[in-house]
């Protein structure tokens, strides 16, 4: 089987490739070749050094999608995008990369299939940003997509394309609406959602973190391990049972910031909690107040997708995967 | 005020222009110029001979949208599309005309506004084809758009673009999801939905019509007069009260084929009804069984959009507008 990961240098891409290296049978069939693409050349994992190709390629430039698809991968995992803040700041770039790049990929697959029969599994990283306020208490699987950002609009449009291309038989697609990933590894960043991870990650290694919102803020989370698991499951599942509604809100954990902090106290003690400094930030508070807080992700759960059920698990996963198992 | 109608040679476009000619004050401000565009040159209504321009132009060809928008219309009514059957039969053409043509129009408006402040009202003809089965008993205003046709996908994508361009302040848009128009004037055509009109229109003039489905088939209707009324209302309404959810399911009438026939009997007698010949057609039955049957179009009604409440009204409107008031 030939697996292609587009956006392989990103956080989920790298973790996904690590997982494939650690568990070579996880996709159900042997990986005979692996193509890792991103705008910067993605790292080549040692376990795959003999069968992997790494490519620096920008999907939104003319001919790139055709070049990628000419190798006819069996599974295409499309994680490449510019993030919400950038898509809002740069209207042209957001539409070019997030919409036109994805559409070029879908079109390249269709054209390849016109040449010779070809029906790859296509997994598309979508987002809960496809939804916009006001929300019901829990967002169900049939709630409409009325995004309030250009990023969410681009993701919602790609979801519609994915469903139509799948229905027409051009590929076998699944759209994966990711929760906010927590604990996001790495350095603190300036994303408005950064603090959800920062207030756990930094105190776990004895560093201070800033909490810009109230503890009663509720949000929707999954661990990086769950995010990888969604794509692995989607790559190997029987898509015959999904039907034409191919875009799925992934399961996650609806939790308060206060619950994050309680879990931190249970696992790392009050000393860790005392490293969280409260610095209310009205700008971040306003942004966050527009985000979804809870979902009833019944369809995805019924289709076998799983995520964490409490923040203790999310923290333990971080400790296992990022801190060598020790706090 | 400069009003532009794109798709002005189509049924709704022509009726809209006739209505503007008959009621020059209907948009609330005097029409100083009128641009009528379509792929074939639209008819020039005598009442507007001095202030109207007619243009044969294909929105999906390079530069056409810029050419249209360079005249900076205040109200742009975008009715141009290829229909459902054609969009399904010709994948490339459907996306080119219905998606890329509309996006080119929206982009041309944005670019014009970058040059010099410009915020036109943009009315986009969408469709209940943005919805796909299975449906709830009544489709509410927050039901998701999971189209099962490429046409519905193209309309749903344009709705997302319209909402985002409006939110970003590039124009002031409203998406108008039209019910099935009945009684559609003109000749019987081969559209799968044609019989809903045919079984009334032909018997009203003493001709035979074919009914390919059961009388218990339910569907969602509005008269051509209502369709024109939706655009007139949307052109002049205060958009400040809509909020960012700019795509509205228009009000309509949920009715059984049997109710159409009962209304025909009341208005034109059993002799007219006896001209309906039952010829069950499994192909048409299957297509029609996938269509929405009923909506709770609360938001549009609250915003002042109105439609018929029974089939007697729909037939009477046809008699007034198409048959000179007499059966």
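Residue numbers (the numbering used here), protein chains in the order written: chain D, 1 to 327; chain S, 1001 to 1327.
Cβ atoms here follow ideal geometry from the backbone N, Cα and C, with glycine treated the same way.
These figures come from a predicted structure and were not determined experimentally.
Checking contacts by CB at 8 Å: is residue i closer than that to chain S?
i                      : result
residue 168 of chain D : yes
residue 295 of chain D : no
residue 164 of chain D : yes
Work out the CA separation of residue j and residue i for me, nearest whole Å.
i                       : j                       : result
residue 218 of chain D  : residue 196 of chain D  : 10 Å
residue 1215 of chain S : residue 1324 of chain S : 29 Å
residue 1199 of chain S : residue 1190 of chain S : 13 Å
residue 1157 of chain S : residue 1290 of chain S : 20 Å
residue 1103 of chain S : residue 1159 of chain S : 10 Å
residue 7 of chain D    : residue 147 of chain D  : 23 Å
residue 308 of chain D  : residue 46 of chain D   : 30 Å
residue 1151 of chain S : residue 1132 of chain S : 12 Å
residue 1264 of chain S : residue 100 of chain D  : 50 Å
residue 1243 of chain S : residue 1172 of chain S : 11 Å
residue 322 of chain D  : residue 1220 of chain S : 56 Å
residue 192 of chain D  : residue 281 of chain D  : 10 Å
residue 188 of chain D  : residue 194 of chain D  : 7 Å
residue 1260 of chain S : residue 1311 of chain S : 6 Å
residue 1256 of chain S : residue 143 of chain D  : 28 Å
residue 1227 of chain S : residue 1237 of chain S : 15 Å
residue 1139 of chain S : residue 136 of chain D  : 16 Å
residue 1027 of chain S : residue 1258 of chain S : 37 Å
residue 166 of chain D  : residue 65 of chain D   : 18 Å
residue 1153 of chain S : residue 1061 of chain S : 21 Å
residue 15 of chain D   : residue 72 of chain D   : 23 Å
residue 1093 of chain S : residue 78 of chain D   : 26 Å
residue 1063 of chain S : residue 1005 of chain S : 18 Å
residue 155 of chain D  : residue 1275 of chain S : 51 Å
residue 3 of chain D    : residue 35 of chain D   : 6 Å
residue 1021 of chain S : residue 1108 of chain S : 28 Å
residue 1120 of chain S : residue 1110 of chain S : 10 Å
residue 80 of chain D   : residue 1 of chain D    : 21 Å
residue 17 of chain D   : residue 40 of chain D   : 16 Å
residue 292 of chain D  : residue 10 of chain D   : 24 Å
residue 1074 of chain S : residue 203 of chain D  : 57 Å
residue 83 of chain D   : residue 1128 of chain S : 32 Å
residue 44 of chain D   : residue 13 of chain D   : 12 Å
residue 1164 of chain S : residue 149 of chain D  : 7 Å
residue 37 of chain D   : residue 58 of chain D   : 9 Å
Taking only beta-carbon positions, decide if residue i is within less than 8 Å of chain D.
i                       : result
residue 1281 of chain S : no
residue 1312 of chain S : no
residue 1091 of chain S : yes
residue 1132 of chain S : yes
Using a C-beta cutoff of 8 Å, does residue i count as contacting chain A?
i                       : result
residue 1324 of chain S : Among the protein chains of the structure shown, namely D and S, there is no chain A.
Exercise for the section: Output, in sequence order along the chain, the residues in the stretch 243-258 of chain D whose CB is closer than 7 Å to any CB in chain S. Expected result: 244 and 245
Practice task
Please confirm if the stretch 1311-1324 of chain S is in contact with the stretch 1180-1192 of chain S, defined as three or more CB-CB distances below 8 Å between the two stretches.
Solution key: The stretch 1311-1324 of chain S makes contact with the stretch 1180-1192 of chain S; the number of CB pairs closer than 8 Å reaches 3 or more.
Handout entry: Within 9 Å of chain S by C-beta, residues of the stretch 141-160 of chain D in sequence order
Key = For the stretch 141-160 of chain D, the set of positions with a beta-carbon nearer than 9 Å to some beta-carbon of chain S reads 141, 142, 143, 144, 145, 146, 147, 148, 149, 150, 152, 153, 154, 156, 157 and 160 in chain order.
Problem - Meets three-Cβ-pair contact criterion under 8 Å: the stretch 106-123 of chain D and the stretch 262-269 of chain D - result: no
Handout entry: Chain-ordered residues of the stretch 223-242 of chain D with a beta carbon less than 7 Å from chain S
Key = none
Problem - alpha helix (DSSP H) runs contained entirely in the stretch 74-131 of chain D, provided each spans 4 or more residues - result: The stretch 74-131 of chain D contains these whole alpha helix (DSSP H) runs: 84-89, 91-94 and 102-115.
Problem - Whole beta strand (DSSP E) elements within the stretch 121-190 of chain D, 3-residue minimum - result: 121-127 and 172-178
Handout entry: Contact between the stretch 118-134 of chain D and the stretch 205-213 of chain D (3+ Cβ pairs under 8 Å)
Key = no
Handout entry: Any beta strand (DSSP E) of 3 or more consecutive residues that is wholly inside the stretch 36-74 of chain D
Key = 52-56
Handout entry: the stretch 1028-1036 of chain S in contact with the stretch 43-58 of chain D per 3-pair CB rule at 8 Å
Key = no
Exercise for the section: With a floor of 4 residues, list each alpha helix (DSSP H) that falls wholly inside the stretch 271-321 of chain D, ordered by position along the chain. Expected result: Listed in chain order, the complete alpha helix (DSSP H) runs (minimum 4 residues) inside the stretch 271-321 of chain D are 282-289 and 298-302.
Practice task
Determine, using beta-carbon pairs with one atom in the stretch 1292-1304 of chain S and one in the stretch 1251-1264 of chain S, whether at least three such pairs fall under 8 Å.
Solution key: yes
Exercise for the section: Please list the segments of the alpha helix (DSSP H) lying wholly inside the stretch 197-237 of chain D, counting only runs of 4 or more residues, in order along the chain. Expected result: 224-236
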